[in-house]
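Below is one structure, written out as structure tokens, with a few remarks after it.
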Amino acid sequence: MFCHIFLYRIKELLRNPWHLAWNLIFPLGLATAFFFGFGNLIKDDPEQFTTIPVGYVKEADQPFDQVLTALSKDRKDPILKVSEYKDEEEAKKALRDGDTKGYYIQKGEEISVVVGRNGVTSTTLHQILKEYENQKRVLETIGKKHPEKIADAVKTMEKGQEFLRPHVFNKYTSVYMNYFYSLIAMASLYGSWLATTMLSGISANMSERGKRFESAPVYKMTSLFAGILSTVLLQGIFNGILVFYIQYGLHLSFGVPIWQVLMVTTVGGAMGITIGVFIGALVKKRGLQMAFSLAVSMVTSFLSGLMWGEIRQIIESHIPVINRINPAAMLTGCLYNLGNYGLTKNFYRDLYSMVILTVTLLLVSVAILRRRNYDSL
Amino acid sequence: MTVFKTILKIAKRDWMTILVYFIVFACFGSLSARGNAQKENETYQDERMEVAVIDHSRSTISKGLIQSLRKTDKVLTPNTEDLTELNDDVRFDIYDYVLILPEDFEEEVKAGKKDAAEYLSGGESICGHLMTEKIRLYLQDVVLYLKSGYSTQEAVKGAGEAILASSHVKSEILSEVKTGESTYLSGIFRFSSYALMMLLTEVIGTILGNIRHSDVRRRIAVSGTSFRKRNIAFYGAVLVVSVLMTGLLIAFVLLASIGDPEYGKIPYYILNEVAIMVCGIGIATTISSITTDSSLISMISNTAVLSMSFLCGIFVPLEVMSQKVLVVSHFLPMYWFAKGIQYINDHGVDAVMSSTFYSYLGIQVLFGVGFFMIGLIIFKKKELYAV
Amino acid sequence: MESEIVKIDQLVKRYREKLAVDHFSMEVRQGEILGLLGPNGSGKTTTINCLLSLLKYDKGNITVFGKAMRPDAYDLKGQIGVVPQNVAVIHTLTVAENIDFFCGLYIRDKKKRKQCVEEAIEMTGLGEYRKYYPKKLSGGLLRRLNIACGIAHRPKLIIFDEPTVAVDPQSRNAILEGIREMNRQGATIIYTSHYMEEVEELCSRIIIMDRGRNVAEGTTAQLKASLKNRETIRMDLVTCTDEIIRDLKEINHVYEVKQEGEQLIIRCDGGTHNLLHIMGYFEEKNIPFGRVTTELPTLNDVFLEITGKELRD
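Those protein sequences? They're chains Z, G and Y, same order as listed. Taken in order, the first sequence gives residues 24 to 400; the numbers are from our numbering. Taken in order, the second sequence gives residues 6 to 392; the numbers are from our numbering. Taken in order, the third sequence gives residues 14 to 326; the numbers are from our numbering.
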């Protein structure tokens, strides 16, 4: 009986064009749109430091020239790409046309910087000039009080001593992959529609075939679990196809062995299914079930970063409890931690949270549905 | 009941859809617009970064460093010392930089160690580079003073003074350069296109789908009202519903942005909004000519609008998208809406009305008319071939 | 004495303020086709749903095959087949798959199930449509599929809840013939409808329901015999005088004579050859008359007499 119901449920749901569209094709389409929208950001991080094109208008040779040379030529990764201009008008034109981000201009002893807009790049150009002035001042101060130490000081400056080391984590995936993690979360939560369709087929108060089904000698729990297993399997397959498409179709790596990603997405799919079962157990009207499922999916997915990537972390900083109960955030967090830090405590926290939520919703739904008798149909 | 009233009644039944998308727009659109808004400045200002500092050292040098940083940046003490959480905060722009000063920081600095402290900056970012350089400069100054025979206190004081003195370096902004900082108004109107397109394609698509259902259509066709009157009433009602939904979104923006410095540009944003409304009606017509099933209409609407939003600069800025994709985006109506938004944002109140702006509006309206005609043609062909 | 397959005793079901079933009792004997006749909203479907333990009820007892019917009485449910009022099939499964699926809820043995499915397809005439999806079927074929899904497992008790609604006459006849065949093969049938012609034609015994109550019970002949009016004769008469009406009332078995426009309506409470006697009178008196029709009482007349309204009201 279990196998009979299980196999027919798979057939029934797999042939439903609506579910194929929402649970499989729509996420694939959206993944493709994401890829075209910001796939290049994943491959070439726009936050990455790149050489700053800058202009230079000088009247005469200055020590500052050496600073610019040191920053542009005498190193492996130049900070600046310096273009010299005859006069300020040329430099202004280059800035207006976007050929440079700013220009240094020498007027007598003074050097100033002109930029197009405020921002980190402009501040960097400003900082270079500040550093030049700073070094001059320090040397002057030392020279006044301890002139014998000047040579050492110059040597130390020329060496360019480093004091800081970046903390490196073993793994790294682009922060823009978070959109794809949110998409997988949303697709998993769409599994709630599979569940509500399955439930309507076995509940007398939801459909005519449900009435026929409940008139038959079938144990309620057998039909429920067979239905749940079939939907979990289907949603797991849909999620798997999406994962494979992202990794091998769009060539965006999750950064970990794919079986780990599939494990997480399968748990996520099961979570989406049990959310649907829970909604179906509480809400009788089909239209309302769909509306609740959509609302839950969209709101939780948005709060996990579907349209605004930073929001999950903003919530984590200010009201972390929301991320602890948001199923989409759990799944997104799980995939994010997996790809960036590996099997850490945060990963397990999110994974176990998904499992606990799934089991809890399942138990509550079973308790509601098990001895359900209808007052009206 | 007249055709006009019927359309309004059908639209009223979709109140849940309208409410959901309005809430999405009001909450999320507003949030992300506020989060991404930048202030335009006419004078040069150093970018103030948010730096989280964990100071285990509490030494003279560490305190001096933090004090120096406070003069140019916003220094915060984070709630956590977990490195992964701090790294996430940096990667998702909660902080720009995290500095971790260990207990033996002062000793390590004096010893000239390269790893006296650790930092997190989200990879090789420009913010990280700048911040690292600032800190390196300060510590280098301290070391120079120390090596020159100054005491620790004197070295810290001297380094602080040198940093302060060098801040008087002259920097200017060239005013003729287009800045393009995104304002709150441009952000929220940009997001509104997603909400509006979803509303129009779903609600109008459902209305048209209902009316175009074969039995309903036949019943209407044999009524006593003339074809011309029926269609005027019908499309008039569709227009009224569209205007009402557009008006609802605009009303929210008007209320939410009272006092905004860019308030004077609102009429232009509204014009742009009306243009995309026309486009939305056209797309809804096309979708409803393909299918009358409300679930399918919803599916097609979501796929089309969400995809367009990502490809046309609504959720992802146009500047960061690849050129190849932008070529394709030119053929999508929301791209021209986004260009319109950008144009209004980048120009002064008196400089918006130009041939360029008119062309953006015109292209959107043309798209709308085009989609409308396509929808009518498909519908007619389906009738002809009894599909 | 025929054994009782189903016994419903003083069933009461209330939907908030509305009393849908009001102390309703009925018995279904083995091998019979029991008709449950009543207008829309009389409580037929509610009674059936209570019988199947799909609905909670407020009072009463229901036994099937001698045992109390409960939601977990799977042994009893296994012997019941249901053909619900609305088509209850899965639209993404083919005809054959639908029948196989629902049959499989009753019969686990694959070989036996396969045989049952084939027989059901043949019985309902769906052989050439086995690979069709329900949305491709006409209304009549859909109803046949609905029936096939309910009877494939060869139940001992079959409940048909208005199975011929919106069905074309050809399909309707096929359905009714199929029901007779199932009965001949040993199934006991409960047939609910608001079409009196079907119930008269098909059912060996009829219960008439109104407002949740059993208002009449018996065979067709018994129910009609309970009526005063046994024959209604209608005559087109150009002129009708009080004398004619008085004279007609003198004829044996004529108990009512009424004039409605140009038509004379004569009701008789029994007897045979009433029309002969009446026409003999007109011939004798040389009174010209037009078209003449004679009607025997229907179940609608039974319902009208008991409740004061038509079955189709």
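No residue lacks a Cβ here, since even glycine has one placed at the ideal position from N, Cα and C. Here the structure is a predicted model, which means the values were calculated and not measured.
### Message
Cβ closer than 8 Å: which chain Y residues qualify as neighbours of N46 of chain Z?
### Response
Counting from one through the first sequence, the residue named residue 46 of chain Z turns up at place 23. Within 8 Å Cβ-Cβ: nothing; N46 of chain Z doesn't reach chain Y, min ~14 Å.
### Message
Does L139 of chain Y pass the burial test, meaning 16 or more other C-beta atoms within 10 Å, or should it be called exposed?
### Response
The residue given as residue 139 of chain Y occupies position 126 in the third sequence. Burial call: buried.
### Backbone secondary structure at P101 of chain Z - three-state DSSP
Translated into positions along the first sequence, residue 101 of chain Z becomes position 78. The answer is coil: DSSP assigns P101 of chain Z none of H, G, I, E or B.
### Supposed close pair L13 of chain G, A242 of chain G - CB separation, criterion 8 Å
In the second sequence, residue 13 of chain G corresponds to position 8, counting from 1. In the second sequence, residue 242 of chain G corresponds to position 237, counting from 1. That pair is a contact at about 6 Å.
### Query
So which residues on chain Z does V102 of chain Y lean against when the C-beta distance must stay under 9 Å?
As a position in the third sequence, residue 102 of chain Y is number 89, starting the count at 1. Those are E231, R232 and R235, listed as they occur along chain Z.
#### Entry: Contact residues within the stretch 116 to 137 of chain G, judged by C-beta distance below 7 Å to chain Z
G117, K119, D120, A121, A122, E123, Y124, L125, S126, G127, G128, E129, S130, I131, C132, H134, L135 and T137
### Query
Nearest chain Y C-beta to M24 of chain Z closer than 8 Å, yes or no?
Residue numbering aside, residue 24 of chain Z sits at position 1 when the first sequence is read from its first letter. Taking Cβ atoms only, chain Y reaches closer than 8 Å to M24 of chain Z, which makes this a yes.
### Task
Confirm, please, whether the CB-CB distance from W331 of chain Z to S37 of chain G is below 8 Å.
Against the second sequence, residue 37 of chain G aligns to sequence position 32. Against the first sequence, residue 331 of chain Z aligns to sequence position 308. Cβ atoms of S37 of chain G and W331 of chain Z: closer than 8 Å.
### Task
Just tell me which of Y:G293, Y:D249, Y:K298 and Y:N265 has its CA closest to the CA of L277 of chain Y.
Indexing the third sequence from 1 puts residue 277 of chain Y at position 264. Taking only the C-alpha atoms, the option nearest L277 of chain Y is Y:D249.
### Where M14 of chain Y falls: helix, strand or coil (DSSP)
Mapped onto the third sequence, residue 14 of chain Y falls at position 1. Summary for M14 of chain Y: the model assigns pLDDT 46, below 50, so the residue's position carries little reliability, and this model does not support an answer.
### Task
Specify the secondary structure class of F37 of chain Y as computed by DSSP and reduced to three states.
Here residue 37 of chain Y refers to the residue found at position 24 when the third sequence is read from its first residue. DSSP places F37 of chain Y in strand when its eight states are reduced to three.
### Message
So, for G421 of chain Z: in the same chain, excluding its five sequence neighbours on each side, which residues have a beta-carbon less than 8 Å away from its beta-carbon?
### Response
With chain Z covering only 24 through 400, there is no way to say anything about residue 421 of chain Z.
### Query
Cβ of K104 of chain Z less than 8 Å from any chain G Cβ?
Taking the first residue of the first sequence as 1, we reach residue 104 of chain Z at position 81. Chain G contact via Cβ: absent.
### Task
For N346 of chain Z, decide whether its Cβ has a neighbour in chain G, counting only Cβ atoms nearer than 8 Å.
Locating residue 346 of chain Z in the first sequence gives position 323, counting from the first residue. Not one chain G Cβ lies under 8 Å of N346 of chain Z.
### Query
With distances taken between CB atoms, is the gap from A352 of chain Z to L329 of chain Z smaller than 8 Å?
Sequence index remark: in the first sequence, residue 352 of chain Z carries index 329 (1-based). Sequence index remark: in the first sequence, residue 329 of chain Z carries index 306 (1-based). Contact: no.
### Message
Does the structure place the stretch 64 to 83 of chain Y close enough to the stretch 18 to 25 of chain Y that three or more beta carbon pairs sit under 8 Å?
### Response
yes
### Task
Leaving aside the five residues before and after Y364 of chain Z along the sequence, list all residues of the same chain whose C-beta is less than 8 Å from its C-beta, in chain order.
For this step, residue 364 of chain Z is matched to residue 341 along the first sequence. For Y364 of chain Z, where only same-chain residues beyond five positions count, the Cβ hits under 8 Å are F192, N193, K194 and F370.
### Task
Give the residues from the stretch 28 to 45 of chain Z that approach chain Y closer than 9 Å (Cβ to any Cβ), ordered along the chain.
I28, Y31, K34, E35, L36, L37, R38, N39 and P40
### Query
If contact means a Cβ-Cβ distance below 9 Å, which residues of the stretch 45 to 74 of chain Z contact chain Y?
none
### Query
Taking the alpha carbon of L316 of chain G as the point to measure from, which residue in G:A343, G:S300 and G:I302 has its own alpha carbon closest?
Mapped onto the second sequence, residue 316 of chain G falls at position 311. Of the candidates G:A343, G:S300 and G:I302, the one whose C-alpha sits nearest the C-alpha of L316 of chain G is G:A343.
### Query
Could you give the distance in angstroms between the alpha-carbon of A161 of chain Y and the alpha-carbon of A133 of chain Y?
Sequence index remark: in the third sequence, residue 161 of chain Y carries index 148 (1-based). Sequence index remark: in the third sequence, residue 133 of chain Y carries index 120 (1-based). Computed Cα separation, rounded: 5 Å.
### Task
Tell me whether Y199 of chain Z is buried or exposed, calling it buried when 16 or more other Cβ atoms sit within 10 Å of its Cβ.
Along the first sequence, read from residue 1 onward, the residue named residue 199 of chain Z stands at position 176. Answer is buried; the Cβ neighbour count reaches 16.
### Query
In chain G, which residues lie with their C-beta within 8 Å of the C-beta of N157 of chain Z?
Reading the first sequence from its first residue, position 134 is the one you call residue 157 of chain Z. Here the neighbours are L142, D146, A167, I168, A170 and S171.
### Task
Taking Y102 of chain G and V56 of chain G to be in contact with their CB atoms under 8 Å, please state how far apart those CB atoms are, rounded to whole angstroms.
Taking the first residue of the second sequence as position 1, residue 102 of chain G is located at position 97. Taking the first residue of the second sequence as position 1, residue 56 of chain G is located at position 51. So it is a contact: roughly 5 Å between Cβ atoms.
#### Entry: Neighbouring residues, chain Z, relative to I178 of chain G (Cβ below 9 Å)
The residue labelled residue 178 of chain G in the question sits at position 173 within the second sequence. What I178 of chain G touches in chain Z: V137, V138, G139, R140, N141 and S145.
### Query
Expressed to the nearest angstrom, what Euclidean distance is found between the alpha-carbon atoms of M378 of chain G and L155 of chain Y?
Along the second sequence, one-based indexing puts residue 378 of chain G at 373. Along the third sequence, one-based indexing puts residue 155 of chain Y at 142. Computed Cα separation, rounded: 39 Å.
### Message
The beta strand (DSSP E) that contains T245 of chain Y, what's its start and end?
### Response
Walking along the third sequence from the start, residue 245 of chain Y turns up at place 232. Unbroken beta strand (DSSP E) run through T245 of chain Y: E244 to D249.
### Task
Keeping to the same chain, check which residues put their C-beta closer than 8 Å to that of D326 of chain Y; ignore five residues upstream and five downstream.
Counting from one through the third sequence, the residue named residue 326 of chain Y turns up at place 313. Legend: pLDDT at D326 of chain Y = 49, less than 50; position of this residue unreliable, no value from coordinates given.
#### Entry: Chain-order list of residues whose beta-carbon lies under 6 Å from that of G291 of chain Z (same chain, five-residue window excluded)
Residue 291 of chain Z sits at position 268 when you count from the first residue of the first sequence. Closer than 6 Å at Cβ, skipping near neighbours: S211 and L354.
#### Entry: Spatial neighbours of D399 of chain G in its chain, beta-carbon cut-off 6 Å, leaving aside the 5 residues before and after
No information on residue 399 of chain G is available, as it lies outside the stretch 6 to 392 that chain G covers here.
### Task
Identify the contact partners of Q50 of chain G in chain Z, using a Cβ-Cβ distance below 8 Å as the criterion.
By 1-based counting over the second sequence, the position of residue 50 of chain G is 45. What Q50 of chain G touches in chain Z: N141.
### Message
So for R140 of chain Z, helix, strand or coil by DSSP?
### Response
As a working note, residue 140 of chain Z is residue 117 in the first sequence. It is coil, neither helix nor strand.
### Query
Roughly how many whole angstroms lie between the Cα atoms of M14 of chain Y and V305 of chain Y?
In the third sequence, residue 14 of chain Y corresponds to position 1, counting from 1. In the third sequence, residue 305 of chain Y corresponds to position 292, counting from 1. A caution first: M14 of chain Y carries a pLDDT of 46, below 50, which makes its placement in the model unreliable, though a value can still be read off. Taking the straight line from one Cα to the other gives about 46 Å.
### DSSP state of G327 of chain Y mapped onto helix, strand, coil
Since the first and last residues shown for chain Y are 14 and 326, residue 327 of chain Y lies out of range.
### D19 of chain G - DSSP class collapsed to helix/strand/coil
By 1-based counting over the second sequence, the position of residue 19 of chain G is 14. DSSP places D19 of chain G in coil when its eight states are reduced to three.
### Task
From the DSSP output, in three-state form, read off W187 of chain Z for me.
Along the first sequence, one-based indexing puts residue 187 of chain Z at 164. According to the sequence provided, residue 187 of chain Z is Leu. The question's Trp does not apply to it. The answer is strand: DSSP assigns L187 of chain Z an E or B state.
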